[in-house]
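When you read off a place in the sequence shown, starting at 1, and then add 41, the result is the number in this note's numbering.
Just so you know, even glycine gets a beta-carbon here, dropped at the ideal spot from N, CA and C.
No experiment lies behind these values; they were computed from the predicted model shown.
A short write-up of the structure that comes next.
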Amino acid sequence: MQNRQRAVATTVSEGSKMKHLMLKLTQILLVCAVLLGQHAQASNNLTQAELDQMLAPVALYPDTVLTHVLIAATYPLEVVQASRWVQNNPNISAEQAVQAVENESWDPSVKALVAFPQLLQRLSDDLDWTQQLGEAFLADETAVLASIQQLREKAYSSGNLRNNDQVVVEREREVIVIEPARKEVVYVPVYDTRIVYGDWWWPSHPPVYWHTAGVYYRNSPFHWGISVRVKPWFYFGIFDWHQRHVVVHHHYFHTPPRYYPKRHKHYVDARRWQHDTGHRRGVHYRHERLNRDYNSGYGYRQPTRETQGKPLQHAQTQSFRQQQDVKPLYQRKTADQVRLPQHDRHVASSTPRQVNQDLRQQRQTEQNRQFNQPATDRVEQHRNNQQLRAEQRRPQQTLNTEQLRQRDPVRQPAQRQVQQPKVAVQQPQREAAARQQRQPQPELHQPKREVVVQRQEGRSRSIE
């Protein structure tokens, strides 16, 4: 019996040990998975040393040229196509080349770089570097622009970045701006990255150096190549250094202005640049997040609020939508159901001027009719108006019971027979009115006295 109890106790202890061991292994696997995910995410994002190493050969370009380089680097296939086009057309000038590629389906920044065949050839030959630069710019635009300012600060502190006949260097607190000395002429410098920045601060990541045949650095680490004349539309892209992003002014490219813009006024009507996957032409993104966000580069994807940095709007639930559908909604009436009040308008006239002429003609006709009216009609109308005024001015008299009975035709039917001779009595009145009409017009004030007399006679006869 004791042996059985011991065997059971040993089996229970072994089972608990196995459970504890399984829990430990599960925790270790979870930690490893988290570390692997962090390592994969960190491997996609470049470190500061790698950014400085990659941006060293282009950080000292003029701002307008550098914006085109960063944007064009996000479309490596179009860069290769543009470079091949330049190789197939070597005998045309920069202005002619830009005009010739207007009908191409490339991005405007790629078309702008056609004027610089050496730079475009460099981007096409070092395609690995170009694609890495474009994806770093898409992944973290702020970090790329901050690294450019750090490299410019190093070159400025070492005394190698100063004003000259080709560029103008402006320092505004923590921002260094590089612009062409003349807006219509642009120079792209070639410089030795091992010297221009002074002592390099990342020994394990030396700067990228582009060897250029036939270029020798004697008294300066810079070499200025052939000047390129550009038009105002070339300045449609510029840096917003305070916000750390690139802004573009599409009107400068599609409807070019006549004058070259000023840098401080160039931000008006400018918008932040947005990546267009249609120009990517199916090229795969090496960066995991970019490959997920931009749908592997296949087809154009409409920019969302998340990619534009705007707050998200929560979607409505299905139950809430069903409740909204149940409620009676206001339905707008159609054009056939709406009945507008129809006012009498002049149809014959089509313009306000004709309408006014018709109204004036009607008014003149009415005045002529009144003027040509016979004198007898005017006298009769005047008499009627005076009678109406007299009745309105006369105060209302209180009637007694006998007078009310006399006025009531129902209770006093006999009074009707008494009133029958009025026809004969009223004949003198008509004769008097006819005589008054034949009299001259100044005697128009007499009807007031006659009205009073007639009323008195009427009362006396009714009382009799």
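- The segment 110-121 and the segment 237-247 do not touch, with fewer than three beta-carbon pairs separated by less than 8 angstroms.
- Each of Gly278, Gln433 and Thr88 was checked against the Cα of Ala177, and the nearest Cα belongs to Thr88.
- For Trp126, the uninterrupted alpha helix (DSSP H) run begins and ends at Pro117 to Asn129, by DSSP.
- Within the model, the alpha-carbon separation for Lys224 versus Asp181 is close to 30 angstroms.
- Residue pairing by DSSP places His264 opposite Val231 in a beta bridge.
- For Ile279, there is no enclosing alpha helix (DSSP H); the enclosing beta strand (DSSP E) has its first and last residue at Gly278 to Asp281.
- In the structure shown, Ile189 falls within a helical segment according to DSSP collapsed to helix, strand and coil.
- Secondary structure at Val287: strand, using DSSP grouped into helix, strand and coil.
- CA-CA distance, Arg435 to Thr417, rounds to 27 angstroms.
- The beta-carbon separation of Asp206 and Ala196, rounded to 18 angstroms, does not stay under the 8 angstroms limit for a contact.
- Between His325 and Gln94, the C-beta gap is not smaller than 8 angstroms, which leaves the two residues out of contact.
- Look at Pro393 here: in three-state DSSP terms it is helix.
- For the set Leu70, Val287, Pro244 and Leu331, the Cα lying nearest the Cα of Thr183 is the one of Val287.
- For Glu213, the enclosing beta strand (DSSP E) has its first and last residue at Val208 to Glu213.
- It is roughly 15 angstroms from the alpha-carbon of Asn413 to the alpha-carbon of Gln403.
- Residue Arg235 holds the alpha-carbon nearest to the alpha-carbon of Pro262 among Pro244, Ile279, Arg235 and Lys272.
- For the options His320, His328 and Phe280, the alpha carbon positioned closest to that of Ala311 is the one of Phe280.
- DSSP lists no beta-bridge partner residue for Pro248.
- Residues Val231 of the same chain have their beta carbon placed closer than 6 angstroms to that of Thr253, with the five preceding and five following residues left out of the count.
- Between Gln173 and the set Ser268, Leu331 and Val208, the nearest pair of CA atoms involves Leu331.
- Here Val142 has Lys152 and Val155 as same chain residues with Cβ atoms under 6 angstroms from its own Cβ, once five neighbours each way along the sequence are excluded.
- The three-state secondary structure of Arg410, taken from DSSP, is helix.
- For Val110, DSSP assigns no beta-bridge partner whatsoever.
- Less than 8 angstroms divides the Cβ of Thr171 from the Cβ of Leu164.
- Note that the C-beta distance between Arg193 and Ala90 is not below 8 angstroms.
- Distance from the Cα of Gly175 is smallest, within the candidate group His316, Ala187, Trp282 and Thr67, for His316.
- Boundaries of the alpha helix (DSSP H) around Glu136: Ala135 to Ala141.
- Annotation for Lys58: no residue places its beta carbon closer than 7 angstroms to its own, counting only its chain and skipping 5 residues before and after.
- Here Arg285 is near Ala187, since their CB atoms are less than 8 angstroms apart.
- Where Glu220 is concerned, the enclosing beta strand (DSSP E) starts and stops at Val216 to Pro221.
- An exposed status is given to Leu66, since fewer than 16 other beta-carbon atoms sit within 10 Å of its beta-carbon.
- Residue burial is scored here from C-beta neighbours: Asp104 has at least 16 other C-beta atoms within 10 angstroms and is therefore classed as buried.
- Classified as exposed, Val72 has fewer than 16 neighbouring CB atoms from the shown chains inside 10 Å of its CB.
- In this chain, Phe157 is not harboured by any alpha helix (DSSP H), its DSSP state being neither H nor E.
- As computed with DSSP, Arg312 is found in a beta bridge with Val289.
- Note on geometry: alpha-carbon atoms of Tyr102 and Asn201 lie some 13 angstroms from one another.
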